[in-house]
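Enquirer: Dumping the structure here so I can ask a few things about it.
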Amino acid sequence: MPNSEANLVCRLQLADLPAIQAHLLALDGTDRLQRFSSPASDETIVAYVRRLDFTQDALFGVWREIDCRLVLAGLTHLAIDPANRMAELGVSVATDQRRRGIAGRMLQRAILHARNVGVEEVAMYFLPYNTELIELAKTLSMKLSAGEGQGTAKLRPATADFVSFAGEMVESWSELAGRSLRDWSGGTLAASETLKRLGSPP
């Protein structure tokens, strides 16, 4: 996979559900607690994945290749409440992929989308000891507040304009090109494996 694609934040689709579930199930107990603000069993995560609404919400991820397989290095869920023009952000990054800017890029992409669909306030909840997420929220100019047992980071996106729409359009074109390349690479790999099997002696 080219480096440029490895760094690309992609909007995920329904077909990516298995990868989304695999990414979340791979999180350990501490990471699950930080992601969901409460302990999350395997059953809880599977139920969460099954409830995902791709028609209303937006999910973004960064892919990486492991043993010729594409897996999610990071995942961000923008849960949108259109009636109140609000949205909630949830973010997770694989342990060995942290401190590479993945979470920041995904959150910026999600906030851009929120801005363009008319969301007036974006909120992200975090545990008090999640210092990495707190620092990230600060870099995104989110306003922090502390509550009972957890903190909240909030941001009021700017009103959508031509520049923001154009920015998301460029992102979408890049995603489409990246997805086409992944499909082509997958097809090439499958064809190569088939030829190897056909060429092997019985």
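If you count by numbering that gives the first Met the number 0, then the sequence shown holds residues 0 to 201, one letter each, in order. C-beta atoms are modelled at their ideal positions from N, C-alpha and C, and glycine is treated no differently.
1. Here's the rule: buried if 16 or more other CB atoms are within 10 angstroms of the residue's CB, otherwise exposed. What is residue 123?
2. By Cβ distance below 6 Å, which residues in the same chain neighbour residue 53 in space, the five residues on each side in sequence not counted?
3. What's the C-alpha gap between residue 0 and residue 91?
4. So, using beta-carbon positions, are residue 41 and residue 58 closer together than 8 Å?
5. Around the Cβ of residue 65, are there at least 16 other Cβ atoms within 10 angstroms (buried) or fewer (exposed)?
6. What number of angstroms, rounded off, separates the C-alpha of residue 189 from the C-alpha of residue 68?
7. Looking at residue 48 and residue 7, is the spacing between their C-beta atoms short of 8 Å?
8. What is the C-beta distance between residue 77 and residue 56, in whole angstroms, given that I count them as a contact (C-beta under 8 Å)?
Expert: According to the structure shown:
1. Position 124 of the sequence shown, counting from 1, holds the residue named residue 123. Looking at its Cβ environment, which holds 16 or more other Cβ atoms inside 10 Å, residue 123 is buried.
2. The count along the sequence shown starts at 1 and reaches residue 53 at position 54. If we look at residue 53 and ignore the five residues flanking it on each side, its Cβ neighbours are 13.
3. Locating residue 0 in the sequence shown gives position 1, counting from the first residue. Locating residue 91 in the sequence shown gives position 92, counting from the first residue. With a pLDDT of 42 at residue 0, under the threshold of 50, the modelled position of that residue is not reliable, and no figure is offered here.
4. Counting from one through the sequence shown, the residue named residue 41 turns up at place 42. Counting from one through the sequence shown, the residue named residue 58 turns up at place 59. In this structure, residue 41 sits away from residue 58, with a CB-CB distance that is not shorter than 8 Å.
5. As a working note, residue 65 is residue 66 in the sequence shown. Residue 65 is exposed by the Cβ-count criterion.
6. By one-based count along the sequence shown, residue 189 stands at place 190. By one-based count along the sequence shown, residue 68 stands at place 69. Legend: pLDDT at residue 189 = 47, less than 50; position of this residue unreliable, value from coordinates given subsequently. Here the alpha carbons of residue 68 and residue 189 stand approximately 11 Å from one another.
7. On the sequence shown, position 8 is the one that residue 7 refers to. On the sequence shown, position 49 is the one that residue 48 refers to. The answer is no: Cβ separation not under 8 Å.
8. Residue 77 sits at position 78 when you count from the first residue of the sequence shown. Residue 56 sits at position 57 when you count from the first residue of the sequence shown. So it is a contact: roughly 6 Å between Cβ atoms.
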